[in-house]
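Participant: Here it is, the structure in full.
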Amino acid sequence: MKLNRLFAALAMGLAVSGAALAQTTMRISISTAQNSHQGVAIDTFAKEVEKRTGGRYKVQTFYNGALGGERESIEAVQLGTQELTFSSTGPIPNFVPETKVLDVPFLFRDKAHARAVLDGPIGQDMLTKFDAKGFKALAWAENGFRHMTNSKRDVKAPEDLKGLKMRTMENPVHIAAYKGFGIITTPMAFPEVFTALQQGTVDGQENPLSVIISAKFDQVQKHLTLTGHVYSPCIFLMNKAAFDKLSAADKQAFIEAAKEGTKANRARVDEDDAKGVADLRAKGMTVIDNVDKAKFVQALAPVNAEFEKQFGKATLDKIRAVK
């Protein structure tokens, strides 16, 4: 009897140690702070993956560009040296050119429109374009509508942007558009931006309120204009080979976890948008919120004509028509 109990205990011990050994650890990274709309996204994702796989998969979270800027982390995921990343679409067109169209200025009416496009057939079809490039795109999430900040002057009209040296994302559509405003564009990875603003290497930058707040840009920028010139999605990316090794149930667990991460992310963007202007004014920023967007749209008419040639008017109109 004692011998049977001993064997049972040994068997249980081996089962427990086997389960411990079976846990697979993966890494996911963002370029922004943990206390941000992106931090909430990956923290929720990590918690949900562990819960939905019964602890067999654990996702380690890294913040503030600890594993490199967005482009570096996307390259690492593509190569398989990092399993996961959460990135804005800034550098994405360099890997998946079909996504360029999402960065066309003034394409989306508001967040509800953008979310409907990304969650609907257009966005879901676009997720499949990542497969051939070595990625599994798990879900679209959100950065938000981008606004202009600078240390030089109030920007009330498009002509006020002329000659400003602005950091831009490493994104060809953004760069073309901002040159249309007369901006001197300086592509730069996000982890370098605060120091560049602090040292005066660039006069300004453009980002959603969620990023401006979490990055503490109010410490190095005086002027904010709510241009809302570009809607900026985010995306959960996984190495395709790593995803393909998962069981069918675990694949679904990762996708569902990303969807939960998106919910938390969008809720935080909504919260930051609701309180952000008052928060930044209280910290000393001058905020121009009565922007005549029609003037900014008109200033980009020649650039938008080029975008219509590049992407096709029918494609842009199909996105604009989504309710």
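Heads up: the sequence shown runs through residues -22 to -1, 1 to 301, numbered per mature numbering (1 follows the signal peptide of the UniProt record, and there is no 0).
Where a beta carbon is used, it is the ideal one built from N, C-alpha and C, also for glycine.
Can you check which of these residues, A245, G254, A279, L204, is closest to V269 by C-alpha distance?
Facilitator: The count along the sequence shown starts at 1 and reaches residue 269 at position 291. When each option's Cα is compared against that of V269, the closest is L204.
Participant: Any idea what DSSP makes of R49, helix, strand or coil?
Facilitator: Here the question's residue 49 lines up with position 71 in the sequence shown. It is helical.
Participant: Could you check the C-alpha separation between A11 and F123 for me, to the nearest Å?
Facilitator: For the purposes of this step, residue 11 is taken as the residue at position 33 of the sequence shown. For the purposes of this step, residue 123 is taken as the residue at position 145 of the sequence shown. Between A11 and F123, the alpha-carbon positions lie close to 19 angstroms from each other.
Participant: So what does DSSP say about A(-14), is it helix, strand or coil?
Facilitator: Within the sequence shown, numbered from 1, the residue matching residue -14 stands at position 9. Below a pLDDT of 50, predicted positions are generally treated as unreliable, and A(-14), at 49, falls in that range; the measurement from the model is reported next regardless. A(-14) sits in a helix when the DSSP states are folded into three classes.
Participant: Less than 6 angstroms separating the Cβ of K253 from some heavy atom of the ligand NAP?
Facilitator: Absence of the ligand NAP from the depicted structure is noted, as is the absence of any ligand whatsoever, leaving it without description.
Participant: Q60: buried (16+ other C-beta within 10 angstroms of its C-beta) or exposed?
Facilitator: Residue 60 sits at position 82 when you count from the first residue of the sequence shown. With 16 or more Cβ atoms within 10 Å of its Cβ, Q60 is classed as buried.
Participant: Going by DSSP, what residue range makes up the beta strand (DSSP E) through N205?
Facilitator: Mapped onto the sequence shown, residue 205 falls at position 227. According to the sequence shown, residue 205 is Thr rather than Asn. Element bounds for T205: 201 to 217.
Participant: CB-CB under 8 angstroms to G178, same chain, minus the five flanking residues each way: which ones, in chain order?
Facilitator: Along the sequence shown, read from residue 1 onward, the residue named residue 178 stands at position 200. These residues qualify, in order along the chain: S129.
Participant: Enumerated in chain order, which unbroken segments of the beta strand (DSSP E) with a length of 3 residues or greater are wholly contained in the region 69 to 156?
Facilitator: 113 to 128, 143 to 146
Participant: So G158 packs on A277, CB below 8 angstroms; how close in whole Å?
Facilitator: The sequence position of residue 158 within the sequence shown is 180, counting from 1. The sequence position of residue 277 within the sequence shown is 299, counting from 1. 7 angstroms between Cβ atoms; contact.
Participant: Report the option in T164, K261, R244 whose CA atom is closest to the CA atom of E120.
Facilitator: Position 142 of the sequence shown, counting from 1, holds the residue named residue 120. Among T164, K261, R244, the Cα nearest to that of E120 is on R244.
Participant: Quick check on the burial criterion: 16 or more other C-beta atoms within 10 angstroms. Buried or exposed for G43?
Facilitator: Along the sequence shown, one-based indexing puts residue 43 at 65. Flag for G43 reads buried.
Participant: L80 and T67 - do their beta-carbons sit closer together than 7 angstroms?
Facilitator: Start at 1 with the first residue of the sequence shown, and residue 67 comes out as number 89. Start at 1 with the first residue of the sequence shown, and residue 80 comes out as number 102. Cβ distance < 7 angstroms, so T67 and L80 count as in contact.
Participant: Quick one: measure Cβ to Cβ for L85 and R298, integer angstroms, because I've assumed they're closer than 8 angstroms.
Facilitator: Taking the sequence shown and counting its residues from 1, the one referred to as residue 85 is at position 107. Taking the sequence shown and counting its residues from 1, the one referred to as residue 298 is at position 320. Yes, L85 and R298 are in contact; Cβ-Cβ is about 7 angstroms, under 8 angstroms.
Participant: Where DSSP assigns a beta bridge to I266, which residues make up the other side?
Facilitator: As a working mapping, residue 266 is identified with position 288 in the sequence shown. In DSSP, I266 forms a bridge with T203.
Participant: I'd like to confirm the pairing. Which residues does DSSP put opposite G182 in its beta bridges?
Facilitator: Counting from 1 along the sequence shown, the entry for residue 182 is found at position 204. According to DSSP, which records beta bridges pairwise, G182 is partnered with N128, M144.
Participant: Roughly how many angstroms lie between the CA atoms of H152 and D248, to the nearest whole one?
Facilitator: For the purposes of this step, residue 152 is taken as residue 174 along the sequence shown, with counting starting at 1. For the purposes of this step, residue 248 is taken as residue 270 along the sequence shown, with counting starting at 1. The straight-line gap from Cα to Cα measures roughly 23 angstroms.
Participant: Roughly how many angstroms lie between the CA atoms of A279 and I161, to the nearest whole one?
Facilitator: Your numbering for residue 279 matches position 301 in the sequence shown. Your numbering for residue 161 matches position 183 in the sequence shown. If you take the alpha carbons of A279 and I161, they lie about 16 angstroms apart.
Participant: Taking the alpha-carbon positions, what's the F23 to E137 distance?
Facilitator: Here residue 23 is taken as the residue at index 45 of the sequence shown, counted from 1. Here residue 137 is taken as the residue at index 159 of the sequence shown, counted from 1. Answer to the nearest angstrom: the Cα atoms are 43 angstroms apart.
Participant: Write down the C-beta distance between I213 and I70 rounded to the nearest angstrom, noting that I regard them as a contact closer than 8 angstroms.
Facilitator: Translated into positions along the sequence shown, residue 213 becomes position 235. Translated into positions along the sequence shown, residue 70 becomes position 92. Confirmed, about 7 angstroms.
Participant: Please report the straight-line C-alpha distance between L45 and T293, rounded to a whole angstrom.
Facilitator: Here the question's residue 45 lines up with position 67 in the sequence shown. Here the question's residue 293 lines up with position 315 in the sequence shown. L45 and T293: Cα-Cα distance of roughly 36 angstroms.
Participant: Closer than 8 angstroms by C-beta to T264: which residues in its own chain qualify, once you throw out the five before and the five after it? Chain order, please.
Facilitator: Within the sequence shown, numbered from 1, the residue matching residue 264 stands at position 286. Correct list, in chain order: D132, K200, H201, L202.
Participant: If G32 sits next to A167, beta carbons under 8 angstroms apart, how far is it from one beta carbon to the other, in whole angstroms?
Facilitator: Counting from 1 along the sequence shown, the entry for residue 32 is found at position 54. Counting from 1 along the sequence shown, the entry for residue 167 is found at position 189. The Cβ separation is near 37 angstroms, so there is no contact.
Participant: Apply the 10 Å Cβ neighbour rule to H15 and answer buried if 16 or more other Cβ atoms are within range, or exposed otherwise.
Facilitator: For this step, residue 15 is matched to residue 37 along the sequence shown. Flag for H15 reads buried.
Participant: Bridge partners for K36 per DSSP, in chain order?
Facilitator: Within the sequence shown, numbered from 1, the residue matching residue 36 stands at position 58. DSSP output for K36 lists T3 as bridge partner(s).
Participant: Return helix, strand or coil for T67, following the three-state DSSP convention.
Facilitator: Here residue 67 refers to the residue found at position 89 of the sequence shown. The answer is coil: DSSP assigns T67 none of H, G, I, E or B.
Participant: Going straight from the alpha carbon of A155 to that of P83, what length do you get?
Facilitator: As a working mapping, residue 155 is identified with position 177 in the sequence shown. As a working mapping, residue 83 is identified with position 105 in the sequence shown. Spanning the two alpha carbons is a distance of roughly 7 angstroms.
Participant: Under the DSSP definition of a beta bridge, which residues are partnered with P169?
Facilitator: Within the sequence shown, residue 169 is the residue found at index 191, counting from 1. DSSP output for P169 lists no bridge partner at all.
Participant: Rounded to whole angstroms, what is the Cα-Cα separation between I190 and G239?
Facilitator: Here residue 190 refers to the residue found at position 212 when the sequence shown is read from its first residue. Here residue 239 refers to the residue found at position 261 when the sequence shown is read from its first residue. Computed Cα separation, rounded: 21 angstroms.
Participant: Using a threshold of 7 angstroms, state whether the C-beta atoms of F73 and K218 are closer than that.
Facilitator: Locating residue 73 in the sequence shown gives position 95, where the first residue counts as 1. Locating residue 218 in the sequence shown gives position 240, where the first residue counts as 1. Cβ atoms of F73 and K218: not closer than 7 angstroms.
Participant: Identify whether I162 lies in helix, strand or coil by the three-state DSSP scheme.
Facilitator: Stepping through the sequence shown from its first residue, residue 162 is reached at position 184. I162: strand per DSSP, three-state reduction.
Participant: Between the Cα of L139 and those of Q288, A283, K273, spot the shortest distance and give me the residue it belongs to.
Facilitator: Counting from 1 along the sequence shown, the entry for residue 139 is found at position 161. Considering only alpha carbons, the answer is K273.
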